[in-house]
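In this note's numbering, the protein residues as written are 70 to 317.
Just so you know, even glycine gets a beta-carbon here, dropped at the ideal spot from N, CA and C.
Now the structure itself:
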């Protein structure tokens, strides 16, 4: 993770510069208006470049958080807030969030062992799911050890899907696996919201991040997606964290 931490710091420095230039008053009213809209800043940095940097920062935060879920979740949450602030051109909010990101990132602990360390509390799961998920965890360990990282992401997606469907069934008595087997996780979460099934916003973000990684691993692209060891470990740990918290 050392390389991810270093790259994270470099992206933060770059974003600080963009935001500082955007906040700096300009005597040229046209230039000031354009900079405010974050289309082009004083050095002609485009909004697309800044947006890509914010997205990249979020991905790096996701990798760093895999080693320290407790401190990692606030980091990911703030990086999401930063991306949203930049997208709406709220530079003051972005500057504040970036300062918080620096503080939180310093608290992330690095793992010395490069193996897949899993802490999964299966005792609170419904009995019907417990054995199935324990088998999934063992399969995850095997796939990770063998370097089959895309297989890990697919297992994570299935675990999330199973857990969310069970959560919906427990609350409504309606088994969507029978009535709507093709429903995606996004629509499933929307249905849960309609039924007032409470999900922590941070947990929802974790679910979307994991699901996005699964999607790009499964669906055909011009260039096949090859998740790294660090990315895969992050997805696995976030998946197990979501599953555990859904039934806590």
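Let me know the secondary structure DSSP gives residue 244 once reduced to three states. Here residue 244 is taken as the residue at index 175 of the chain shown, counted from 1. Reduced to three states, the DSSP call for residue 244 is coil.
Which value, in whole angstroms, describes the spacing of the CA atoms of residue 314 and residue 72? Position 245 of the chain shown, counting from 1, holds the residue named residue 314. Position 3 of the chain shown, counting from 1, holds the residue named residue 72. Rounded to whole angstroms, residue 314 to residue 72 spans 30 angstroms at the Cα level.
Would you decide whether residue 214 is buried or exposed? Buried here means 16 or more other CB atoms lie within 10 Å of its CB. As a working mapping, residue 214 is identified with position 145 in the chain shown. Answer is exposed; the Cβ neighbour count stays below 16.
Cβ contact (3+ pairs, closer than 8 angstroms) linking the segment 296-313 and the segment 215-228: yes
Alpha-carbon to alpha-carbon, residue 263 and residue 256: The sequence position of residue 256 within the chain shown is 187, counting from 1. The sequence position of residue 263 within the chain shown is 194, counting from 1. Whole-angstrom Cα-Cα distance: 10 angstroms.
heavy atom of the ligand ZN below 7 angstroms from residue 146 C-beta: The model depicted lacks the ligand ZN and carries no ligand whatsoever.
Do residue 171 and residue 81 have their C-beta atoms closer together than 8 angstroms? The residue you call residue 171 lines up with position 102 of the chain shown. The residue you call residue 81 lines up with position 12 of the chain shown. Taking 8 angstroms as the Cβ cut-off, residue 171 and residue 81 qualify as a contacting pair.
Spatially closest choice to residue 283 from 201, 121, 230, by CA coordinates: Counting from one through the chain shown, the residue named residue 283 turns up at place 214. Closest by alpha carbon: 230.
Euclidean distance between Cα positions of residue 225 and residue 208: Translated into positions along the chain shown, residue 225 becomes position 156. Translated into positions along the chain shown, residue 208 becomes position 139. Approximately 11 angstroms, taken between the alpha carbons.
Assign residue 265 to one of three DSSP states: helix, strand, or coil. In the chain shown, counting from the first residue as 1, residue 265 sits at position 196. Correct three-state label for residue 265: coil.
Are the CB atoms of residue 134 and residue 144 nearer to each other than 8 angstroms? Mapped onto the chain shown, residue 134 falls at position 65. Mapped onto the chain shown, residue 144 falls at position 75. A contact, by the Cβ cut-off of 8 angstroms.
Proximity to residue 279 [Cα-Cα], best of 246, 298, 228: Translated into positions along the chain shown, residue 279 becomes position 210. Checked all of 246, 298, 228; the closest Cα to residue 279 is 228.
What is the rounded straight-line gap between the Cα of residue 298 and the Cα of residue 274? Within the chain shown, the letter at position 229 stands for residue 298. Within the chain shown, the letter at position 205 stands for residue 274. Their backbone Cα atoms lie some 21 angstroms apart in a straight line.
Among 161, 157, 232, which one has its Cα closest to the Cα of residue 202? Your numbering for residue 202 matches position 133 in the chain shown. Out of 161, 157, 232, 232 has the C-alpha closest to the C-alpha of residue 202.
Determine the burial state of residue 118: buried for a count of at least 16 other Cβ atoms within 10 Å of its Cβ, exposed for fewer. Within the chain shown, numbered from 1, the residue matching residue 118 stands at position 49. Flag for residue 118 reads exposed.
Do you know how far the Cα of residue 250 is from the Cα of residue 74? As a first step, residue 74 must be located in the chain shown, where it is residue number 5. As a first step, residue 250 must be located in the chain shown, where it is residue number 181. Across the structure, residue 74 and residue 250 are spaced so that their CA atoms are roughly 40 angstroms apart.
Below 8 angstroms between beta carbons: does that hold for residue 258 and residue 285? Here residue 258 refers to the residue found at position 189 when the chain shown is read from its first residue. Here residue 285 refers to the residue found at position 216 when the chain shown is read from its first residue. Not closer than 8 angstroms, so no.
Note the first and the last residue of the continuous alpha helix (DSSP H) segment covering residue 198. The residue labelled residue 198 in the question sits at position 129 within the chain shown. Start and end: 196-214.
Excluding the five sequence neighbours on either side, which residues of its own chain have a C-beta within less than 7 angstroms of the C-beta of residue 85, listed in chain order? By one-based count along the chain shown, residue 85 stands at place 16. If we look at residue 85 and ignore the five residues flanking it on each side, its Cβ neighbours are 167.
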